[in-house]
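To start, the structure itself, in structure tokens.
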């Protein structure tokens, strides 16, 4: 599971951790350090320690600084996705869980609509896709952000508020 440390991915990793224990499977939280913000390494280490304290195996994946040119959201998303999928393929991981939710899907639809996307482009984010034999699964797409925040509050799950999301 991809874990940014934000409320969405933290709720997903805990949901998956509880589910996978019952199924006697394996789970690893993949934390990306983009090395863009000054505190990114510290945040990644903090998330890693928090997950360790909750018996959730995790690994920090760092984006090579030479791959960080424009320092924008689109580049960060591309770098993150490439790092995650490459790690999964190298380690024979068949499923990658991402914490996109309903609000993300709505935002994607609106941005694509404004950009003039065709019908195919307006499908927005899919629940499941397969890329190079890796199944990408987004189980939170039917949940609104407020539902996720409520879940974290009830379960006492801590998370990081990414300051770049406030811009």
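Numbering (this note's numbering), first residue to last: 10 to 176.
We put the beta carbon where it would ideally sit given N, CA and C, even for glycine.
Boundaries of the alpha helix (DSSP H) in which residue i is found, first to last residue
i           : result
residue 158 : 154-164
residue 53  : 49-62
residue 26  : 16-32
Straight-line gap, residue i to residue j (C-alpha atoms, nearest Å)
i           : j           : result
residue 176 : residue 94  : In this predicted model, residue 176 has a pLDDT of only 41, less than 50, meaning its place in the structure is not dependable; the value taken from the coordinates is given anyway. The alpha-carbon atoms of residue 176 and residue 94 are separated by roughly 28 Å.
residue 15  : residue 34  : 24 Å
residue 48  : residue 55  : 10 Å
residue 85  : residue 45  : 9 Å
residue 92  : residue 70  : 7 Å
residue 60  : residue 134 : 27 Å
residue 11  : residue 140 : 16 Å
residue 28  : residue 147 : 15 Å
Start and end residues, beta strand (DSSP E) containing residue i
i           : result
residue 146 : 143-146
residue 149 : Counting along the chain, residue 149 falls outside any beta strand (DSSP E), and DSSP gives it neither H nor E.
residue 38  : 38-42
CB contact flag (residue i, residue j, <8 Å)
i           : j           : result
residue 107 : residue 143 : no
residue 88  : residue 72  : yes
residue 166 : residue 13  : no
Decide yes or no for the touch test of the region 146-157 against the region 39-49: beta carbon pairs closer than 8 Å, at least 3 of them. In short, these stretches do not touch, since the Cβ pair count stays below three.
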